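Right, one structure below, let's go through it.
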């Protein structure tokens, strides 16, 4: 194997595939990146931690084809620190690799490419569904934070991605809150459907790759495509292929949890509410459940909290229909929602002080958040 | 005590004095900030960890004077998170403090100001020496990183600040390297002299306060002043007074260590050398001493390093007078020096492979760095 390529292009590609390298793996070859040069002038970089595999193709000048596995961290560090000029990379005897520029010469130890796991290829008859990059990325940002981070909780560490005749939706929940994001489908093809659950932390890596591809691409309305291959999803993002192991089993029947009506509805400024809750949280660290109390009375939300260090009262003006109410929350869950939303104004729907609060946009149903209240004692 | 003040001004002042609050102190009152409002419209904020004390004055609208100690972290967090508007602060019964804006109302628990340690005042006959802010800050940046970080090493955890008829100098050393920065004095007053040793980590905090004062001030050539009061230095930085406990004892006779001549002198581009050493260091992690070898031959410096993961060779063009030489270094010590210097080109002076290397500017003596070599074995 012998090829030359631009430092900048190779360094960016390594940054992308490195997201699939596990630092903690006990399988030595998985600390590596497989680099494969083909005679037609393509370099294929691959990494996998078995849950997530990433393969990226870049154009290089190949003198002779071949492949080798290199330690991901060392190889990426070397390439990143080289000046932005043409790099010569050549396989030498005993599985070593020469990396050469005008003033630098590295020889690093590689590993046998035979040991590297195969990464799924798209099958010829695969049914690809396309999504707008920005839309897909925003839906991840609106939902993935609500998934459980407790690996023992099974399927709820994942985000449900559902495509049907109504459009596309993502859903995540952890037992204390639930997030739903919905969009019309970008494409008009009918009959497309999909229902898969992707681990939230892997979906966040996919989101980063999409962000990188958006910033690199000149196209305004780029798309990604997803195909399902048995228990894996193959996600195509420009020249990057991401293979994700799906979570198996039935997702929670989340539609049953959403309350169908409410006795109190507020319309409130999002940033004012967020600032007020952030300040009130300063005195809500006690006992780790970040308890704040919302008193909904007339056209004011009064947020109160107290600890041994003092107490706080914040007032926010809003519009209300329905009853007055007192309700307690873990401030973190409310803040997570307010930070995930862009809208200037939001709608909050309540029933009683022990039933969940629903957060929605003023119009439409592009997002819905359900937040469980915390019971407040009479002495609070 | 009752006063109103701008959120922005108070928050910045708290940020400054908080640098003297120790998170680890066992004396509860030292987790606090003393706030004292005087009838003439001044708010004095003070904090101290006994090693370092900071006192800052700001203008506020005082309705009634008084003083209280507040928990530094909570009070700073509250003020920082309030909107930039006028804040009312009022002492209430039982040592509590009310903090009020148009929509927020905090009541926090304070502590008795009587328990707070006194902070030295400048004496009437104090001899103040002035330094240009930028110059003083740059001298700290050029030297303090070379001081020992091992608290058991005594005086070498400090930076020597010396003022005499030749100007001002700062010196720091840790047994492996030494840094010297020298400047002409800004003021022309004759007969000024000073020789003190300030703990490096405290000098770094002083540097941050100077940076803040530079960014806040419209003055181009601002100065700070230092007076010595027994075992303390009192440093005046605009409206901030910093009191520092000095290190006692005799500083190392550093002038004796500087070699007076050299058998090899190089002139080399600083950033090229830095990049080359940074890359070579990628393979120099073995055994924690970051060993790199410099081979000085003709008009080339060849930097080599190796580990189990591979080996590297970097070539840098330079101008040389004197003998060729092979010498080993801990790359960290060389990189620290190259990062601290701004000059495009530097001079490096060597004698043998077991004697220190001296790094200097091409002209003048505004800095001198001495770096001890690492012995390289014949098999390297």
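Protein chains in written order, with the working numbering: chain C, 134 to 513; chain D, 134 to 513. Glycine is no exception: its CB is placed at the ideal position from the N, C-alpha and C atoms. Small disclaimer: the values here were computed from a predicted structure and weren't measured.
Report all residues from its chain with a CB closer than 6 Å to the CB of residue i; omit the five preceding and five following residues, and keep chain order.
i                     : result
residue 371 (chain D) : 346
residue 293 (chain D) : 304, 330, 384
residue 501 (chain C) : 313, 493
residue 362 (chain C) : 253
residue 445 (chain C) : 413, 416, 438
residue 480 (chain D) : 400, 493, 495
residue 159 (chain D) : none
residue 135 (chain C) : 196, 197, 223
residue 273 (chain C) : 336, 340
residue 250 (chain C) : 181
For residue i, collect the residues of the same chain with a Cβ closer than 8 Å to its Cβ; drop the 5 residues on either side in sequence, then sort them by chain order.
i                     : result
residue 477 (chain D) : 402, 403, 404
residue 212 (chain D) : 140, 143, 144, 147, 220, 232
residue 410 (chain C) : 425, 436, 447, 464, 467, 468, 471
residue 171 (chain C) : 177, 195, 198
residue 499 (chain C) : 314, 315, 316
residue 161 (chain C) : 244
residue 488 (chain C) : 392, 506
In chain C, what lies closer than 8 Å to residue i by C-beta?
i                     : result
residue 214 (chain D) : 408, 411, 412, 415
residue 483 (chain D) : Going along chain C, no residue has its Cβ under 8 Å from residue 483 (chain D), so there is no contact; the nearest lies around 22 Å.
residue 204 (chain D) : 442
residue 346 (chain D) : Near residue 346 (chain D) there are no residues of chain C at all, since even the closest Cβ is about 28 Å away, more than 8 Å.
Cβ atoms of residue j and residue i: under 7 Å apart, would you say?
i                     : j                     : result
residue 181 (chain D) : residue 153 (chain D) : yes
residue 468 (chain D) : residue 443 (chain D) : no
residue 194 (chain D) : residue 234 (chain D) : no
residue 367 (chain D) : residue 255 (chain D) : yes
residue 207 (chain C) : residue 191 (chain C) : no
residue 167 (chain D) : residue 179 (chain D) : yes
residue 380 (chain C) : residue 289 (chain C) : no
residue 356 (chain D) : residue 149 (chain D) : no
residue 253 (chain D) : residue 365 (chain D) : yes
residue 509 (chain C) : residue 461 (chain C) : yes
residue 285 (chain D) : residue 306 (chain D) : no
residue 398 (chain C) : residue 482 (chain C) : yes
residue 335 (chain C) : residue 377 (chain C) : yes
residue 491 (chain C) : residue 503 (chain C) : yes
residue 246 (chain C) : residue 302 (chain C) : no
residue 395 (chain C) : residue 484 (chain C) : yes
residue 406 (chain C) : residue 449 (chain C) : yes
residue 226 (chain D) : residue 277 (chain D) : no
residue 291 (chain D) : residue 318 (chain D) : no
So with CB distances below 7 Å, who are the chain D contacts of residue i?
i                     : result
residue 239 (chain C) : 443, 445
residue 464 (chain C) : The premise fails here: residue 464 (chain C) is roughly 13 Å from chain D at the closest Cβ pair, so nothing lies under 7 Å.
Show which residues of chain C have a CB atom less than 7 Å away from the CB atom of residue i.
i                     : result
residue 207 (chain D) : 415, 442
residue 395 (chain D) : In chain order: nothing, as chain C lies at least about 26 Å away.
residue 486 (chain D) : Correct list: empty, because the minimum Cβ distance to chain C is about 23 Å.
Residue i versus chain D: which residues are under 8 Å apart at the beta carbon?
i                     : result
residue 210 (chain C) : 415
residue 200 (chain C) : Result: empty, since nearest Cβ-Cβ is about 18 Å, beyond 8 Å.
Whose C-beta lies closer than 7 Å to the C-beta of residue i among residues of the same chain, with five residues either side of it excluded?
i                     : result
residue 349 (chain D) : none
residue 344 (chain D) : 270
residue 297 (chain C) : 326
residue 418 (chain D) : 440
When every heavy atom of the ligand FAD is checked, does at least one fall within less than 6 Å of the C-beta of residue i?
i                     : result
residue 253 (chain C) : In the structure shown, the ligand FAD is absent, as is every other ligand, since no ligand is present at all.
If you measure beta-carbon to beta-carbon, which residues of the region 441 to 460 of chain D are closer than 9 Å to chain C?
Against chain C - using a Cβ distance shorter than 9 Å - the residues of the region 441 to 460 of chain D are 441, 442, 443, 444, 445, 446, 447, 448, 449, 450.
Unbroken beta strand (DSSP E) runs of length 3 or more, entirely within the region 402 to 436 of chain C: which are they?
424 to 430
Whole runs of the beta strand (DSSP E) within the region 324 to 370 of chain D, excluding any shorter than 3 residues
327 to 332, 356 to 362, 365 to 370
At a Cβ cut of 8 Å, what residues of the region 238 to 271 of chain C count as close to chain D, listed as they run along the chain?
238, 239, 240, 241, 242
Which residues, in order along the region 137 to 155 of chain D, keep a beta-carbon less than 8 Å from a beta-carbon of chain C?
When C-beta distances to chain C are compared with 8 Å, every residue of the region 137 to 155 of chain D stays at or above that value.
Listed in chain order, which residues of the region 308 to 339 of chain D have Cβ atoms closer than 7 Å to some Cβ of chain C?
none
Can you pull out the residues from the region 268 to 302 of chain C whose beta carbon lies closer than 8 Å to at least one beta carbon of chain D?
none
Continuous alpha helix (DSSP H) assignments of at least 4 residues falling wholly in the region 158 to 201 of chain D:
none
Could you tell me which whole beta strand (DSSP E) segments of length 3 or greater appear in the region 375 to 405 of chain D?
397 to 402
Which runs of the beta strand (DSSP E) fall wholly inside the region 466 to 490 of chain D and span at least 3 residues, in chain order?
Scanning the region 466 to 490 of chain D for uninterrupted beta strand (DSSP E) segments of 3 residues or longer gives 478 to 483, listed from N- to C-terminal end.
Taking Cβ-Cβ distances below 9 Å as the criterion, which residues of the region 346 to 379 of chain D are in contact with chain C?
The region 346 to 379 of chain D vs chain C, Cβ under 9 Å: nothing.
What are the complete alpha helix (DSSP H) segments, minimum 4 residues, inside the region 258 to 329 of chain D?
Counting only runs of 4 or more, we get 266 to 276.
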